[in-house]
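A.B. asks:
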Amino acid sequence: MTSVLVVDDEPQIVKALRINLSARGYHVLTAYDGKTALSVAVEGKPDVVVLDLGLPDIDGVDVIAGLRGWSTIPIIVLSARTDSAAKVEALDAGADDYVTKPFGMDELLARLRAAVRRKTALVADEPIVRTSTFTVDLTVKKVHRDDREVHLTPTEWGLLEILARNPDRLVSQKQLLSEVWGPMSVGESQYLRVYMAQLRRKLEADPAHPKHLITEPGMGYRFQL
Numbered sequence: 074m075t076s077v078l079v080v081d082d083e084p085q086i087v088k089a090l091r092i093n094l095s096a097r098g099y100h101v102l103t104a105y106d107g108k109t110a111l112s113v114a115v116e117g118k119p120d121v122v123v124l125d126l127g128l129p130d131i132d133g134v135d136v137i138a139g140l141r142g143w144s145t146i147p148i149i150v151l152s153a154r155t156d157s158a159a160k161v162e163a164l165d166a167g168a169d170d171y172v173t174k175p176f177g178m179d180e181l182l183a184r185l186r187a188a189v190r191r192k193t194a195l196v197a198d199e200p201i202v203r204t205s206t207f208t209v210d211l212t213v214k215k216v217h218r219d220d221r222e223v224h225l226t227p228t229e230w231g232l233l234e235i236l237a238r239n240p241d242r243l244v245s246q247k248q249l250l251s252e253v254w255g256p257m258s259v260g261e262s263q264y265l266r267v268y269m270a271q272l273r274r275k276l277e278a279d280p281a282h283p284k285h286l287i288t289e290p291g292m293g294y295r296f297q298l
């Protein structure tokens, strides 16, 4: 049974979606604010999310970013915001589709079916990546070591996030440089050496002999659990 997480602060919309989706064989999870939505997504592992942007606690775009930190779950935005800037922001954050309110149920169901068909799985489809030395929380973008949060710069986090989402896989120098510094920096391998050294000093028990942030000479880096 396909499970759908409906996130909206309007009870009547949640009720209508629950009734219509349940009648068509979907298992429906619900949340009325962003923090609850992220928690339910982690625990319930829905197959698709239908998300309002105007939530009472955190903006729906931030919910999209939180989900995209660890999952490729399809996200359909269902919002009263009709301006193109709002649509672009949501899609750039990682939404798969955008439906404006008021909406037709048949159209929403069609988009829901299409999103589920397109669903693909990430290698690391879990929000928490644990090693014997530190823990990476991809949802809230935080790292803990010895029960303490480790402060990372945005660049350090960018590198670590890419590696943590591809555990035990070689990630090329070109990919890391392109995604963190931009496509014009693919030849600047010294950037990687400097920032990987900084990450190892912060995260590895023995930075000179790393267990988790491994260099593959001439090729790239590997995140080893």
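Just so you know, we're using our numbering here: the sequence shown kicks off at 74 and counts up by one.
The beta-carbon is built from N, C-alpha and C at its ideal position, and this holds for glycine as well.
When burial is assigned at 16 or more other CB atoms within 10 Å of the CB, is leucine 298 buried or exposed?
C.D. replies: exposed
A.B. asks: Do tyrosine 264 and leucine 250 have their CB atoms nearer than 8 Å?
C.D. replies: yes
A.B. asks: Return the residue from the list Lys247, Asp210, Arg266 and Val79 that minimises the CA-CA distance to valine 259.
C.D. replies: Lys247
A.B. asks: What is the rounded straight-line gap between the Cα of glutamate 234 and the Cα of methionine 257?
C.D. replies: 21 Å
A.B. asks: Return yes when the Cβ of aspartate 82 is within less than 8 Å of the Cβ of leucine 111, no when it is not.
C.D. replies: no
A.B. asks: Sort out for me which residues DSSP pairs lysine 215 with in a bridge.
C.D. replies: Under DSSP, the beta-bridge partners assigned to lysine 215 are Asp210.
A.B. asks: Leaving aside the five residues before and after alanine 237 along the sequence, list all residues of the same chain whose C-beta is less than 8 Å from its C-beta, in chain order.
C.D. replies: Ala197, Val202, Val209, Leu211 and Phe296
A.B. asks: How big is the Cα-Cα spacing for isoleucine 92 and serine 152?
C.D. replies: 19 Å
A.B. asks: For the beta strand (DSSP E) holding aspartate 135, just list the boundary residues, first then last.
C.D. replies: Not the beta strand (DSSP E): aspartate 135 falls in the alpha helix (DSSP H), residues 133–141.
A.B. asks: Going by other Cβ atoms of all chains shown within 10 Å of its Cβ, with 16 needed for buried, is methionine 269 buried or exposed?
C.D. replies: buried
A.B. asks: In this structure, does DSSP put tyrosine 268 in helix, strand or coil?
C.D. replies: helix
A.B. asks: Pick helix, strand or coil for glutamate 162, following the three-state DSSP scheme.
C.D. replies: helix
A.B. asks: So, does the stretch 96–106 touch the stretch 215–232, judging by three or more C-beta pairs under 8 Å?
C.D. replies: No, the stretch 96–106 is not in contact with the stretch 215–232.
A.B. asks: Would you decide whether glutamate 289 is buried or exposed? Buried here means 16 or more other CB atoms lie within 10 Å of its CB.
C.D. replies: exposed
A.B. asks: Counting C-beta neighbours from all protein chains within 10 Å, is the total for glutamate 180 16 or more, i.e. buried, or is it exposed?
C.D. replies: So glutamate 180 counts as exposed.
A.B. asks: Give the single residue among Glu252, Met292, Thr145 and Thr206 whose Cα lies nearest to the Cα of proline 227.
C.D. replies: In terms of CA proximity to proline 227, Glu252 leads the group Glu252, Met292, Thr145 and Thr206.
A.B. asks: Taking a contact to mean a Cβ-Cβ separation below 8 Å, would you say isoleucine 137 touches alanine 168 in this structure?
C.D. replies: It is a contact, given that the beta carbons lie within the stated cut-off.
A.B. asks: Could you name the residues that DSSP lists as bridge partners for alanine 104?
C.D. replies: Val80
A.B. asks: Could you give the residue range of the beta strand (DSSP E) that holds glutamate 222?
C.D. replies: 221–223
A.B. asks: Apart from the five residues just before and just after alanine 114, which ones in its own chain have a Cβ nearer than 8 Å to its Cβ?
C.D. replies: Leu78, Val122, Leu140, Ser144 and Ile146
A.B. asks: Going by DSSP, what residues sit across from glycine 291 in a beta bridge?
C.D. replies: In the DSSP assignment, glycine 291 forms no beta bridge with any residue.
A.B. asks: According to DSSP, simplified to helix, strand and coil, what is isoleucine 148?
C.D. replies: strand
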